[in-house]
Amino acid sequence: MKKAIMVLITLSLVIGGLGSVALTEGGQLINMPRDWVFTLFQYKGLLTVAMLLLAVAALWLSTRNKVFSKMVLSLYVVSILGCTFLINWFAPDFWLRSQQHNASFMSVEEADSRLQSNDDVFVLEINGDARAYPRDWMQLPHIAGDVVGGEDTVMTYCALSNLPMAFNPNMNGQPTDFKIIAQVHNNLIFTDRNSGELIQQVTATAEYSQTELEQYPVQRMPWESFKALYPEGQVFNYEPVLYDHVTLKLFDSALEPHYEGEPMFPTLSLEDDRLATGEQVWGVQVGNESVAVTTEDFTEKNQLVVELSNQKILFVNYEEYQTVAAYFVDDSRDWEVTEVDPYGSHASGKLERVNLYSGMPWMVWSHWFPETQLVNKQTI
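The opening residue of the sequence shown carries number 27 in my numbering; numbering runs sequentially from there.
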């Protein structure tokens with residue numbers, strides 16, 4: 027009988043341990059395959075039920091036959107409950123709490139008393155309506171929702187990829203409830219609890235249905251630049267709870283070497299050595315083609331044009347505001363010398379912004395976009 031009970035206990039703990047590792051940072055520490063993470067998440071409900079049924083059977087048989095002491099059984103119960111918590115609620119409901127539906131915002135004047143001039147902010151502007159999302163205040167919630175310029179939006183941020191991306195939260199015409207799950211290959215994955223979908227942030231694509239989320243262009247800049255450009259804008263406000271302060275200190279210490287080029291998790295290919303692993307890039311993808319731009323590319327000029335999938339893209343480095351933007355352009359003029367202001371306007375109109383991946387370390391960008399071009403390596 028003892029052997030049968032041990033089998034039940036072992037099976038339940040293996041299931042619980044596997045699910046707990048996959049749906050926390052532990053999976054990436056051991057380089058768990060991406061497909062495993064997504065599959066385990068898809069069936070986490072069944073795994074939880076199976077684990078609990080095995081545990082109940084083991085406890086009932088052990089109690090009935092007096093096989094193990096109360097101390098051993100208590101530790102086992104705590105382990106099973108801990109696995110249940112880690113698999114189902116730890117990241118989305120306790121640790122990294124999305125603010126898709128309850129985000130609060132404040133005026134520039136209010137935020138100015140809490141932010142420093144050089145604090146990094148992510149800027150979303152739609153129809154003249156602007157929001158700033160301070161990087162430090164996005165590290166824990168990862169997701170903040172709002173209506174901007176009349177459009178439903180969610181700003182997302184992955185600290186490992188150093189990547190802000192904004193989306194229309196409605197998928198296939200249906201409202202969503204986005205929650206953080208974990209990360210794979212140093213990039214955020216989140217779920218829609220309404221549909222059960224998983225979304226990889228950097229690809230903006232739902233894993234199971236392959237639905238592509240509609241993106242809104244994001245620009246990052248120092249706080250002082252946002253104040254100057256959008257004085258009537260609103261600023262995302264995040265008030266951390268007590269244990270959040272511990273997490274933030276851990277994040278800061280762990281991310282420092284990561285941003286210097288030593289990946290926190292061993293899940294990146296690191297085969298592309300055209301740039302230093304930690305060098306931050308501005309990236310654009312159009313169709314199946316992508317390009318990365320570095321600070322060095324703006325040494326001789328502040329505007330440059332690249333072509334991707336037969337579409338010309340204008341990159342502009344606004345030195346005064348310490349920010350870079352990208353726009354779709356045509357052949358109507360020489361865009362490398364045409365003055366384009368920080369709002370995308372020029373003498374004859376206003377340009378459409380491109381979805382810009384701002385600030386990603388080269389090691390992460392080149393992993394997700396292995397065929398990427400570099401401006402100084404291509405003919406423009």
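For each residue, glycine too, the CB sits at the ideal point set by N, CA and C.
Residue 32 holds the alpha-carbon nearest to the alpha-carbon of residue 98 among 32, 228, 255. A contact between stretches requires three or more CB pairs, one per stretch, nearer than 8 Å, and the stretch 99 to 112 meets this requirement with the stretch 37 to 54. In this structure residue 130 touches residue 263 by the C-beta definition: roughly 5 Å separates them, less than 8 Å.
By a beta-carbon distance limit of 8 Å, residue 56 does not contact residue 118. Their separation comes to about 22 Å. When C-alpha distances from residue 268 are compared across 296, 166, 333, the shortest belongs to 166. For residue 110, the enclosing alpha helix (DSSP H) stretches over residues 96 to 114.
Beta-bridge partners assigned by DSSP to residue 372: 375.
Non-local beta-carbon contacts of residue 362 in its own chain, meaning distances under 7 Å to residues more than five positions away in sequence, involve 327, 329, 330, 331 in chain order. For residue 303, there is no enclosing beta strand (DSSP E), since its DSSP letter is neither H nor E.
Around the beta carbon of residue 54, 16 or more other beta carbons sit within 10 angstroms, so the residue counts as buried. Here the alpha carbons of residue 221 and residue 339 stand approximately 35 Å from one another. In this structure, the CA atom of residue 279 is about 42 Å from the CA atom of residue 376. Within its own chain, the residues whose Cβ lies closer than 6 Å to the Cβ of residue 210, once the five positions on either side in sequence are excluded, are 60, 63, listed in chain order. Residue 226: member of the beta strand (DSSP E) spanning 223 to 226, first to last residue. The shortest CA-to-CA distance from residue 104 to any of 81, 91, 371 is the one to 81. For residue 158, the uninterrupted beta strand (DSSP E) run begins and ends at 155 to 160, by DSSP. By the beta-carbon neighbour count (other beta carbons within 10 angstroms, threshold 16), residue 94 is buried.
Within its own chain, the residues whose Cβ lies closer than 6 Å to the Cβ of residue 190, once the five positions on either side in sequence are excluded, are 148, 183, 244, listed in chain order.
In the DSSP assignment, the residues bridged to residue 318 are 309, 400.
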